[in-house]
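A.B. asks:
Chains as they are written, first to last, in this note's numbering: chain A, 16 to 283; chain F, 212 to 461.
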């Protein structure tokens, strides 16, 4: 038998299936490392990683706070700046034609190559790191929001014109609500990129001390051959990325669930 | 509304409309009938003031575009798609023209309730468009067009995407609305039967470039019920128009 009915998945399975795969992979990892007596400075066992996570929790969670602070600030700046730039692009084709190539230039230049320059030019290290993360995260916001603001139903636009709507009425009542699905698509990508940008910038800056982020802990653990701590830091970065992504998905669902196809569940 | 010698060529070089003269009188139900690409929508957009003609003049209620800027609130339009804002509830969609015109909320609420009753949507004001069928969405679109009591209603193949049963039902309702509220309507369709059933006059258009071929008066009393569709006179009108459309297309 074929058809959609055959593909129906129990909601519990959506969470349970990947968790089961993860648990099996961890068990296999633990067995292989124990069985073959792999030294922890090459591949630590999951138990050793968890041990390091508990042992070094204060150090690691402080660093996580620093990295997340940079990533979230960069994400907030990217949202505000990105939306403003998109509004500017939609207001004038000339502005878009003049500036969009530079936005693309910013996107295609590897952050690892320009981060040292930004760190040299900006005296405040924290600000420099935020700037690096913004450079990485802003493009999806600009490009998706611009696309959304432009993708207006032509019939609806004609209706507004027949009603002699002002530019601001068209913007606030038509373009902005209509662009939300595109904006949230950009936000999902930008949330992960802001974290990647923050970590890459921290690697380049290599700043230690009180304000050291997770990237610095990874560098330091690598030098000290403290591989369990390195894995623990890596795990925290990964989980933060997943949490950030889940947050954006939740916000998107909250805003679009009643009306946009992308967020409407099949049962609705 | 009066169009005298209006012509339109798009920037791409497509000559959409040769010189066309057409007048819509008060209480007219004028249908523009013709095959795809004969300039029906272009003519409707010109009447709506959405595009400007290359030649000729358009006058609404005795005034030209230069004097009025646009036909404004005395004119409303229903499009090929319902064109509802998917993020807004049906009642908010219907009251949009009033909100844009700055009508006070209490008056707007009354007007919306009255027009929703008129089209049989009173129960679904709090629904989102996606929760309604295609026919109900089109009714909401008509309600929105009627909410500020326009003098002239333009309809661009509004029922073209609906199934035949829904289409006939909405045709019946539209003609009843037109008769009850003494509206003036310019209706675009490529369905000959729909044109005969609805109109007081049918303007047949030909393609390449779009032009007016003939104007036929449908001298039949209103209301025209289901029985009219089965009458020999209905068939005769259809045959006559069909012949004209075929000639225009040849």
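Backbone N, C-alpha and C define an ideal beta-carbon position, used for all residues, glycine too.
Give a yes or no on whether the minimum CB-CB distance between residue 292 of chain F and chain A is below 8 Å.
C.D. replies: Chain A contact via Cβ: present.
A.B. asks: Between which two residues does the beta strand (DSSP E) harbouring residue 289 of chain F extend?
C.D. replies: Residues 286-289.
A.B. asks: Using a Cβ distance threshold of 8 Å, determine whether the segment 406-423 of chain F contacts the segment 438-458 of chain F, with at least three qualifying pairs required.
C.D. replies: A contact exists between the segment 406-423 of chain F and the segment 438-458 of chain F.
A.B. asks: So, residue 253 of chain F versus residue 269 of chain F, is the Cβ gap smaller than 8 Å?
C.D. replies: Not a contact, by the Cβ cut-off of 8 Å.
A.B. asks: Mind checking residue 187 of chain A: buried by the 16 CB within 10 Å criterion, or exposed?
C.D. replies: Exposed: under 16 other Cβ atoms inside 10 Å.
A.B. asks: Would residue 332 of chain F pass as an interface residue toward chain A - the criterion being a Cβ-Cβ separation below 8 Å?
C.D. replies: With 8 Å as the cut-off, residue 332 of chain F does not count as an interface residue toward chain A.
A.B. asks: Using the Cβ count rule (16 or more neighbours within 10 Å means buried), how would you classify residue 278 of chain F?
C.D. replies: At residue 278 of chain F the pLDDT is 48, less than 50, meaning the model places this residue with poor confidence and gives no usable figure here.
A.B. asks: Could you tell me which residues DSSP puts in a beta bridge with residue 234 of chain F?
C.D. replies: DSSP output for residue 234 of chain F lists F:213 as bridge partner(s).
A.B. asks: Out of curiosity, what's the CA-to-CA distance linking residue 209 of chain A and residue 105 of chain A?
C.D. replies: Near 25 Å, if we compare the C-alpha coordinates of residue 105 of chain A and residue 209 of chain A.
A.B. asks: Only counting the same chain, and skipping five residues up and downstream in sequence, which positions put a Cβ closer than 6 Å to that of residue 197 of chain A?
C.D. replies: Same-chain partners within the cutoff: 159, 162, 163.
A.B. asks: For my contact list, residue 308 of chain F and residue 256 of chain F are in at a C-beta cut-off of 8 Å; report their separation, rounded to the angstrom.
C.D. replies: About 18 Å separates the two Cβ atoms, so there is no contact after all.
A.B. asks: Going by the beta-carbon positions, is the gap between residue 250 of chain A and residue 64 of chain A smaller than 8 Å?
C.D. replies: Yes, they are a contact pair.
A.B. asks: Which term fits residue 304 of chain F, buried or exposed, when burial requires 16 or more other beta carbons within 10 angstroms of its beta carbon?
C.D. replies: Label assigned to residue 304 of chain F: buried.
A.B. asks: Can you give the beta carbon distance from residue 417 of chain F to residue 245 of chain F, rounded, assuming they're within the 8 Å contact cut?
C.D. replies: Contact flag correct, Cβ pair sits at about 7 Å.
A.B. asks: For the alpha helix (DSSP H) holding residue 113 of chain A, just list the boundary residues, first then last.
C.D. replies: Per DSSP, residue 113 of chain A belongs to the alpha helix (DSSP H) from 108-123.
A.B. asks: Taking contact to mean at least 3 C-beta pairs separated by less than 8 Å, is the segment 227-242 of chain F in contact with the segment 389-405 of chain F?
C.D. replies: Segments in contact, yes.
A.B. asks: From what residue to what residue does the beta strand (DSSP E) around residue 62 of chain A run?
C.D. replies: Careful: residue 62 of chain A lies outside any beta strand (DSSP E), inside the alpha helix (DSSP H) at 61-70.
A.B. asks: If we cut at 8 Å on Cβ distances, does residue 339 of chain F have a partner in chain A?
C.D. replies: It does; some Cβ of chain A falls within 8 Å.
A.B. asks: With distance defined between alpha-carbon atoms, name the residue in F:436, F:424, F:440 nearest to residue 457 of chain F.
C.D. replies: When each option's Cα is compared against that of residue 457 of chain F, the closest is F:424.
A.B. asks: Indicate whether residue 218 of chain F and residue 266 of chain F have their beta-carbon atoms separated by less than 8 Å.
C.D. replies: Contact: yes.
A.B. asks: Nearest chain F C-beta to residue 35 of chain A closer than 8 Å, yes or no?
C.D. replies: So no, residue 35 of chain A is outside the interface.
A.B. asks: Out of A:57, A:102, A:146, state which residue places its alpha-carbon closest to the alpha-carbon of residue 157 of chain A.
C.D. replies: It is A:102 whose Cα lies nearest to the Cα of residue 157 of chain A.
A.B. asks: Which residues, taken in chain order from the segment 71-103 of chain A, show a beta carbon closer than 7 Å to some beta carbon of chain F?
C.D. replies: For the segment 71-103 of chain A, which is checked against every Cβ of chain F, not one residue is closer than 7 Å.
A.B. asks: Taking residue 216 of chain A and residue 311 of chain F to be in contact with their CB atoms under 8 Å, please state how far apart those CB atoms are, rounded to whole angstroms.
C.D. replies: Going by Cβ atoms, the distance from residue 216 of chain A to residue 311 of chain F rounds to 47 Å, so no, they are not a contact pair.
A.B. asks: Please list, in chain order, the residues of the segment 206-221 of chain A that have any C-beta partner in chain F closer than 7 Å.
C.D. replies: If the cut-off is 7 Å between Cβ atoms, the segment 206-221 of chain A has nothing near chain F.
A.B. asks: Based on the DSSP secondary-structure assignment, which residues constitute the bridge partners of residue 428 of chain F?
C.D. replies: Beta-bridge pairing links residue 428 of chain F to F:412.
A.B. asks: Buried or exposed for residue 315 of chain F, going by 16 or more other Cβ atoms inside 10 Å?
C.D. replies: When all chains shown are included, residue 315 of chain F counts as exposed.
A.B. asks: Does the beta carbon of residue 278 of chain F sit closer than 8 Å to a beta carbon anywhere in chain A?
C.D. replies: In this prediction, residue 278 of chain F scores a pLDDT of 48, lower than 50, which makes its location untrustworthy; the coordinate-derived value is nonetheless stated afterwards. False, the Cβ-Cβ gap to chain A never drops below 8 Å.
A.B. asks: Does the beta carbon of residue 406 of chain F sit closer than 8 Å to a beta carbon anywhere in chain A?
C.D. replies: No, residue 406 of chain F does not count as interfacial toward chain A.
A.B. asks: Helix, strand or coil: how does DSSP classify residue 264 of chain A here?
C.D. replies: Correct three-state label for residue 264 of chain A: helix.
A.B. asks: Could one say the Cβ of residue 228 of chain F lies closer than 8 Å to chain A's Cβ atoms, at least one of them?
C.D. replies: No, its Cβ sits nowhere closer than 8 Å to a Cβ of chain A.
A.B. asks: Suppose contacts are defined by Cβ-Cβ distances below 8 Å. Is residue 369 of chain F in contact with residue 349 of chain F by that definition?
C.D. replies: Contact: yes.
A.B. asks: Contact criterion: CB-CB distance below 8 Å. Does residue 222 of chain F meet it with respect to chain A?
C.D. replies: Not closer than 8 Å to any Cβ of chain A, the Cβ of residue 222 of chain F fails to qualify, so no.
A.B. asks: Is the segment 51-63 of chain A close to the segment 124-139 of chain A, with three or more CB pairs under 8 Å?
C.D. replies: Segments in contact, no.
A.B. asks: Tell me residue 219 of chain F's beta-bridge partners as DSSP assigns them.
C.D. replies: Looking at the DSSP assignment, residue 219 of chain F forms a beta bridge with F:228.
A.B. asks: Have a look at residue 431 of chain F and residue 353 of chain F and give me their C-alpha separation to the nearest angstrom.
C.D. replies: The alpha-carbon atoms of residue 431 of chain F and residue 353 of chain F are separated by roughly 25 Å.
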